[in-house]
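Visitor:
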Amino acid sequence: MTDDPPFNPALLPAGFVDRLPPEAEAEAAGVETLMRVFAAHGYDRVTPPLLEFEETLLSGSGAAVAEQTFRLMDPDTRRMMALRPDMTPQIARIAATRLPDVPRPLRLAYAGPCILMDSSRGDGERQISQAGVELIGPDQPEADAEIVAIAAECLATLGVQGVSFDLTMPSLTTALVDAGRFDGHVRGMLMRALDRKDAAAVARHGGELAPVLIRLLHAAGPAHGALAELAAVDLPPVVRAHSVRLAATVAAIEARVPGIRLTVDPVEFRGWQYHTGVCVSVYAAGQREELGRGGRYLSNNDEPACGLTLRPDIILRAAPPLPCRTRVFLPWGTPPEVGGALRAGGYATVSALGDEGDAGAEARRLSCTLVVVDGQPVPVDGI
Numbered sequence: 000m001t002d003d004p005p006f007n008p009a010l011l012p013a014g015f016v017d018r019l020p021p022e023a024e025a026e027a028a029g030v031e032t033l034m035r036v037f038a039a040h041g042y043d044r045v046t047p048p049l050l051e052f053e054e055t056l057l058s059g060s061g062a063a064v065a066e067q068t069f070r071l072m073d074p075d076t077r078r079m080m081a082l083r084p085d086m087t088p089q090i091a092r093i094a095a096t097r098l099p100d101v102p103r104p105l106r107l108a109y110a111g112p113c114i115l116m117d118s119s120r121g122d123g124e125r126q127i128s129q130a131g132v133e134l135i136g137p138d139q140p141e142a143d144a145e146i147v148a149i150a151a152e153c154l155a156t157l158g159v160q161g162v163s164f165d166l167t168m169p170s171l172t173t174a175l176v177d178a179g180r181f182d183g184h185v186r187g188m189l190m191r192a193l194d195r196k197d198a199a200a201v202a203r204h205g206g207e208l209a210p211v212l213i214r215l216l217h218a219a220g221p222a223h224g225a226l227a228e229l230a231a232v233d234l235p236p237v238v239r240a241h242s243v244r245l246a247a248t249v250a251a252i253e254a255r256v257p258g259i260r261l262t263v264d265p266v267e268f269r270g271w272q273y274h275t276g277v278c279v280s281v282y283a284a285g286q287r288e289e290l291g292r293g294g295r296y297l298s299n300n301d302e303p304a305c306g307l308t309l310r311p312d313i314i315l316r317a318a319p320p321l322p323c324r325t326r327v328f329l330p331w332g333t334p335p336e337v338g339g340a341l342r343a344g345g346y347a348t349v350s351a352l353g354d355e356g357d358a359g360a361e362a363r364r365l366s367c368t369l370v371v372v373d374g375q376p377v378p379v380d381g382i
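Numbering (numbering that gives the first Met the number 0), first residue to last: 0 to 382.
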């Protein structure tokens, strides 16, 4: 005998959910909308596997996602395998090992599910969907601007309102802290203080750099004001180079997407730790979660690259509902060509599988708003 309650077959592990109608269809349609925009800009689709050998998936830029990675043993080879938590390292691998001779710049697009160890991103989900683009080869502001412009077009196509792009430069913060030559313990406390935007703790641990770091903490905001404040700060030459690149990227984005809403946070450095330059997070008014994130990194063979990954599931919560196909009930005996013509016209047809008697009642039961009468679709409520 056991006191354990009976197992519920509908119970799923924490962070995993079933996508039911109409949400599953809406997400699939949203992903395909994103992929069409990517393809229109010359990005070719690739489909990496969900599962790879651990030493492959977690090499190069993939090392930064090791703590978010589920692992299991391959029963055939007895080697450890890993489920991807992020698709960007896989695209870096493909570019370096499968497409090394393809002319650069190399433009690749992708979409698929990823599995996270925990829900630290704040949305509570551990199986997430991703769709994104990677631009591999050039290291210039215009490349960074291209991925932001494509993301802006994607969100506009889906009708998302109040979109803003938050630009950061993690390498600026680390270069500035490195210039201070802090010992490991103090450096760790200072980085945690910066991460929390805790000016008092920065003042305690920042030493001679504290006034500069606190000034940068308060520089975050609309792009032009933040860049003006950043330009006025006395920075070492190696750090100044990062701020100059950040300003050049802002200018390139605004040239490509006039009127785009940009903010800059010069001290922000969260995200996947493989990023090496300008990074971007995407937000929408009234939406707490990130719609996407990306930035500049090095591919597996140290080739410059930049990309941006969107979250279709979150985007669709911020976007107007996508139109669903109108459902038409086909009573028993409806000629096949009638149904074919309706499907070609964008309708979804639901065929009777036998003589249902009252076609109108059956159509209502199956959530159809139209029913075929004498070869033509008519409103169910009208019969």
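Glycine included, C-beta positions come from ideal geometry on N, C-alpha and C.
ARG35: which of LEU19, ILE149, PHE6, THR55 sits nearest, CA to CA?
Guide: Taking only the C-alpha atoms, the option nearest ARG35 is ILE149.
Visitor: To which residues of the same chain is ARG364 closer than 8 Å at the C-beta, ignoring the five residues directly before and after it?
Guide: Here the set comprises nothing.
Visitor: With DSSP as the reference, label CYS323 as helix, strand or coil.
Guide: If DSSP states are grouped into helix, strand and coil, CYS323 belongs with coil.
Visitor: Name the residue from VAL176, ALA142, LEU154 whose alpha carbon lies nearest to the alpha carbon of THR32.
Guide: Checking every option, the nearest Cα to that of THR32 belongs to LEU154.
Visitor: Quick check on DSSP: helix, strand or coil for GLY258?
Guide: It is coil, neither helix nor strand.
Visitor: Return the first residue and the last residue of the alpha helix (DSSP H) that PHE37 is part of.
Guide: Residues 22-39.
Visitor: Where does the unbroken beta strand (DSSP E) through HIS274 begin, and where does it stop?
Guide: HIS274 -> beta strand (DSSP E) spans 274-283.
Visitor: At which residues does the beta strand (DSSP E) containing ASP165 begin and terminate?
Guide: 162-167 is the span of the beta strand (DSSP E), which, as asked, contains ASP165.
Visitor: Let me make sure I understand the geometry here. Which of TYR296, VAL281, ARG295 has the alpha-carbon closest to that of GLU289?
Guide: Considering only alpha carbons, the answer is VAL281.
Visitor: Indicate the three-state DSSP secondary structure (helix, strand or coil) for MET0 in the structure shown.
Guide: Because MET0 sits at a pLDDT of 49, beneath the cut-off of 50, its placement in the model cannot be relied upon, and the point is left open.
Visitor: When you compare only the Cα positions, how much space is there between ALA13 and LEU115?
Guide: Straight-line Cα distance between these residues: approximately 11 Å.
Visitor: Can you check whether the CB of LEU321 is closer than 8 Å to the CB of ALA28?
Guide: Cβ distance < 8 Å, so ALA28 and LEU321 count as in contact.
Visitor: Helix, strand or coil for ARG191? Go by DSSP, reduced to three states.
Guide: In this structure, ARG191 counts as helix in the three-state DSSP scheme.
Visitor: Do MET168 and PRO265 count as a contact pair if the criterion is CB distance below 8 Å?
Guide: Cβ distance < 8 Å, so PRO265 and MET168 count as in contact.
Visitor: Is the beta carbon of ALA283 sitting closer than 8 Å to the one on GLN160?
Guide: Going by C-beta atoms, ALA283 is nearer than 8 Å to GLN160.
Visitor: Between GLY136 and GLU302, how many whole angstroms is the CB-CB distance? I'm expecting something under 8 Å.
Guide: Rounded, the Cβ-Cβ distance is 7 Å, consistent with contact.
Visitor: Can you name the start and end residues of the beta strand (DSSP E) that THR383 belongs to?
Guide: The requested residue 383 does not occur in the structure, where the chain is confined to residues 0 to 382.
Visitor: Is ILE90 helix, strand or coil when you go by DSSP?
Guide: DSSP places ILE90 in helix when its eight states are reduced to three.
Visitor: Do you know whose CA, among ALA222, ASP85, LEU171, lies nearest SER163's CA?
Guide: Comparing Cα positions, the closest option is ALA222.
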